[in-house]
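**Student:** Before I ask anything, let me first share the structure, which is written out below as structure tokens.
Number of protein chains: 2
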Amino acid sequence: MKIDPNSSADLSVQIAQAIKDAIICGELIVDERLPSEAELSDHFQVSRPTVREALKRLAAQSLIRTQRGASGGAFVNRLSFEDAYAQQVTTSTLLLSMNAVSFDTACEARYALERACAPLSAQRRSADHLATMRAEIFRQGQPGLTDVAFCASDVAFHRALVDGACNPVLSYQLAGAVEAMQPLMNMITFSARDRAAITGLHTRIADAIEAGDGSAAVCGLQDLESETRKLAADVFAARAKR
Amino acid sequence: MKIDPNSSADLSVQIAQAIKDAIICGELIVDERLPSEAELSDHFQVSRPTVREALKRLAAQSLIRTQRGASGGAFVNRLSFEDAYAQQVTTSTLLLSMNAVSFDTACEARYALERACAPLSAQRRSADHLATMRAEIFRQGQPGLTDVAFCASDVAFHRALVDGACNPVLSYQLAGAVEAMQPLMNMITFSARDRAAITGLHTRIADAIEAGDGSAAVCGLQDLESETRKLAADVFAARAKR
DNA sequence: GACATTTAAAAGTCTGACATTTAAATATCT
DNA sequence: AGATATTTAAATGTCAGACTTTTAAATGTC
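Residue numbers (this note's numbering), protein chains in the order written: chain A, 331 to 572; chain B, 331 to 572.
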């Protein structure tokens with residue numbers, strides 16, 4: 331682990347990168363303890379605050395965790411699926427909100443990816459996944475449900491569908507696509523009729539998953555995509571007219 | 331933007347979270363300048379190094395950028411697709427390498443997602459995307475190509491396929507799935523015969539994309555997945571025997 | 001052997017200072 | 001007057017050293 335004293339980049343950036351590289355190339359392995367801040371500042375010939383800034387950068391990416399007290403220090407963190415999932419969701423959400431991504435573009439991506447999961451989910455879903463889907467469908471039919479709660483339930487339904495594929499990598503990759511749509515969906519007001527249409531399609535999809543019929547599930551998702559996009563188009567058109 | 335003085339969490343974590351929340355909820359908008367470090371430390375009643383650690387955490391996630399000099403400071407950063415893409419790739423790569431994800435699991439996820447892009451790509455790909463695919467196929471046939479270079483070319487081919495869908499959200503979401511496979515693929519040694527089989531399938535896929543035949547491309551990807559998994563299984567079996 | 005106490009190591013925080021960068025204000029020259 | 005050089009001030013980047021808090025391990029006591 332070395333830094334280039336002639337580089338114009340900030341020291342804390344260089345140090346963070348050096349440690350990150352060491353982790354990526356396997357020089358530092360999971361749960362291994364990094365040298366203490368004092369030792370690092372000595373090694374890189376910088377002050378402790380500078381080392382600390384570098385470590386905070388890594389901590390922000392869940393690459394390390396720190397522990398206080400005797401035998402504490404910074405440890406290489408095993409990046410868990412949960413951590414990666416959470417990162418993926420916030421990054422995707424911000425990406426969409428900051429780049430004026432159209433509803434259609436995001437929607438297309440989401441459903442294209444979900445359709446990829448459907449056949450696997452139809453084959454492998456556990457009873458639990460199916461139960462979650464049914465429970466969310468039931469919730470969506472409840473009167474007095476707010477639009478925000480309806481959208482949240484929608485996301486939960488789709489998440490169960492994706493998780494049904496029993497492939498954690500797939501679940502992780504889909505996290506952003508599914509959850510980042512929620513803020514966009516929240517901009518829509520759902521009439522009772524819209525909700526019924528959506529819930530009906532959800533039922534169709536759940537039935538297909540239950541029957542192990544992947545292609546039927548794909549068709550259901552296809553129709554749900556059309557329905558969602560039509561709905562959004564109507565809402566935006568009405569809003570533009572006003 | 332407030333922090334809870336009774337919380338047990340580190341101050342820099344709390345401050346970073348407070349600013350992050352302000353960005354997510356739109357209280358701070360893109361390119362807006364945050365208060366100076368001195369003002370922030372005054373506002374939160376903490377020292378400047380503590381504020382700086384918080385800012386470094388945010389900078390690590392590309393949520394802010396800092397600029398030195400007069401009229402410098404920290405600015406809310408527009409999260410670009412490039413930044414998000416890079417983050418996604420490193421996170422996915424680390425996730426796979428640190429969690430002993432099986433080759434099959436990662437492979438399944440990758441090809442399932444790619445098949446989702448194929449029909450869109452067949453419809454929308456530009457001449458440029460197609461040219462890239464052809465060029466990579468040509469490169470893969472060159473004698474004397476190292477295994478690592480072969481894998482890199484493979485990734486470039488698939489990236490062009492995905493980008494052909496002309497949906498930046500899709501490209502971003504696929505980044506991790508496609509690129510994170512590279513280290514896993516690099517563990518395989520490709521015989522001349524293996525390479526020919528893969529390159530042949532690539533040609534089949536490119537032909538289908540060129541013809542605008544989405545389902546043929548999906549079939550090609552299906553076969554490529556089988557081929558890849560078979561190949562990997564053979565390599566691992568041979569290695570286990572030794 | 002079980003429990004309480006001490007101790008030391010490490011991260012977390014603070015204060016205050018200095019260095020460096022950079023844009024804007026000011027001064028100077030043509 | 002306008003262009004160019006200089007100064008200035010504000011902001012981040014860096015440093016040094018001290019103090020606080022947490023925590024596990026060593027030590028001591030019953």
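For glycine and all other residues, C-beta sits at the position ideal for the given N, C-alpha and C.
#1: Closest by CA to L491 of chain A, which one among A:F566, A:E466, A:A479?
#2: Does the distance between the C-beta of T421 of chain B and the nearest non-hydrogen atom of the ligand FAD fall short of 7 Å?
#3: For chain B, check one thing: does any of its Cβ atoms lie closer than 8 Å to the Cβ of S580 of chain A?
#4: Would you grab the beta carbon distance between D334 of chain B and Q344 of chain B for me? Rounded to a whole angstrom, and I think it's under 8 Å.
#5: Taking all protein chains shown into account, decide if N497 of chain A is buried (16 or more other Cβ within 10 angstroms of its Cβ) or exposed.
#6: Taking the alpha carbon of Q453 of chain A as the point to measure from, which residue in A:R464, A:E369, A:A547 has its own alpha carbon closest?
#7: Mind listing which residues of the region 431-445 of chain A have their C-beta closer than 7 Å to chain B's C-betas, in chain order?
#8: What does a CB cutoff of less than 6 Å around L370 of chain B pick up in its chain, not counting 5 residues either side in sequence?
#9: Shortest alpha-carbon distance to S366 of chain B belongs to which of B:I354, B:D340, B:A400?
#10: Verify the CB distance criterion: does A389 of chain A have a CB-CB separation below 8 Å to chain B?
#11: Decide if A368 of chain B is buried, meaning its Cβ has at least 16 other Cβ atoms within 10 Å, or exposed.
#12: Is there a C-beta anywhere in chain B that falls below 8 Å from the one on F405 of chain A?
#13: Here's the rule I'm using: 16 or more other beta-carbon atoms within 10 Å means buried, otherwise exposed. How should A479 of chain B be labelled?
#14: Say whether chain B places a C-beta atom closer than 8 Å to the C-beta of V360 of chain A.
#15: Is the CB of C447 of chain B under 8 Å away from at least one CB in chain A?
#16: Below 9 Å on C-beta distance, what does I354 of chain B contact in chain A?
#17: Hey, is F411 of chain A's beta-carbon within less than 8 Å of any beta-carbon in chain B?
#18: Mind pulling the chain A residues with CB within less than 8 Å of E383 of chain B?
#19: Keeping to the same chain, check which residues put their C-beta closer than 7 Å to that of A352 of chain B; ignore five residues upstream and five downstream.
**Tutor:** By the coordinates alone:
#1: That would be A:E466, whose Cα lies nearest to the Cα of L491 of chain A.
#2: This structure does not include the ligand FAD; it has no bound ligands of any sort.
#3: No answer is possible for residue 580 of chain A: the residues shown for chain A start at 331 and end at 572.
#4: The Cβ separation is near 7 Å, so the contact holds.
#5: That one is buried.
#6: The shortest CA-to-CA distance from Q453 of chain A to any of A:R464, A:E369, A:A547 is the one to A:A547.
#7: For the region 431-445 of chain A, the set of residues with a beta-carbon nearer than 7 Å to any beta-carbon of chain B comprises V431, T435, A436, E438, A439, A442, L443, R445, in chain order.
#8: Cβ-Cβ distances below 6 Å link L370 of chain B to V381 in the same chain, with the five nearest sequence neighbours on each side left out; the list follows chain order.
#9: Of the candidates B:I354, B:D340, B:A400, the residue whose Cα lies closest to the Cα of S366 of chain B is B:A400.
#10: Output row for A389 of chain A: interface = yes.
#11: Burial call: exposed.
#12: Residue-level contact by beta carbon fails for F405 of chain A and chain B, as no gap is shorter than 8 Å.
#13: Sixteen is the threshold: since fewer than 16 other Cβ atoms of the shown chains lie within 10 Å of the Cβ of A479 of chain B, the residue is exposed.
#14: It does: the Cβ of V360 of chain A has a partner Cβ on chain B nearer than 8 Å.
#15: Closer than 8 Å to some Cβ of chain A, the Cβ of C447 of chain B qualifies, so yes.
#16: Near I354 of chain B (Cβ distances below 9 Å), the residues of chain A are T420, T423, L424, S427.
#17: The C-beta of F411 of chain A comes closer than 8 Å to at least one C-beta of chain B.
#18: Here the neighbours are R382, E383, K386.
#19: Short of 7 Å from the beta carbon of A352 of chain B, and not among the five residues preceding or following it, lie these beta carbons of its own chain, in chain order: M331, L358.
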